[in-house]
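K.L.:
Numbering (this note's numbering), first residue to last: 1336 to 1390. Backbone N, C-alpha and C define an ideal beta-carbon position, used for all residues, glycine too.
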Amino acid sequence: MKKRMNLVQNEISHFPEYDYVVVNKDINICVNQIKNIIESERLKRSRLNQLNQFR
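(1) Tell whether a beta-carbon distance below 9 Å holds between Ile1369 and Val1357.
(2) Can Glu1376 and Arg1382 be called in contact, C-beta distance under 9 Å?
(3) Whose CA, out of Met1336, Asn1341 and Ile1372, lies closest to the CA of Tyr1353?
(4) What does a CB cutoff of less than 8 Å around Lys1337 pick up in its chain, not counting 5 residues either side in sequence?
(5) Apart from the five residues on each side of it in sequence, which residues of its chain come closer than 7 Å, Cβ to Cβ, to Tyr1355?
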């Protein structure tokens, strides 16, 4: 338990580096959150190179 708590402290210290945080409490919720993250990343303006032709 102590080893896990130390690991958690280390993970928490890196929170400012993360764009997304998924807490693994319910697998169905986690899967949906990850799917949403993937879709959001795909839709980022910076990734939509084909839109440059409309500038």
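P.N.:
In terms of the structure at hand:
(1) For the purposes of this step, residue 1369 is taken as the residue at position 34 of the sequence shown. For the purposes of this step, residue 1357 is taken as the residue at position 22 of the sequence shown. Contact: yes.
(2) Stepping through the sequence shown from its first residue, residue 1376 is reached at position 41. Stepping through the sequence shown from its first residue, residue 1382 is reached at position 47. Yes, the pair counts as a contact, with Cβ atoms nearer than the cut-off.
(3) Indexing the sequence shown from 1 puts residue 1353 at position 18. If we check each option's Cα against that of Tyr1353, Ile1372 comes out closest.
(4) Within the sequence shown, residue 1337 is the residue found at index 2, counting from 1. Hits under 8 Å: none found.
(5) Here the question's residue 1355 lines up with position 20 in the sequence shown. If we look at Tyr1355 and ignore the five residues flanking it on each side, its Cβ neighbours are Ile1372.
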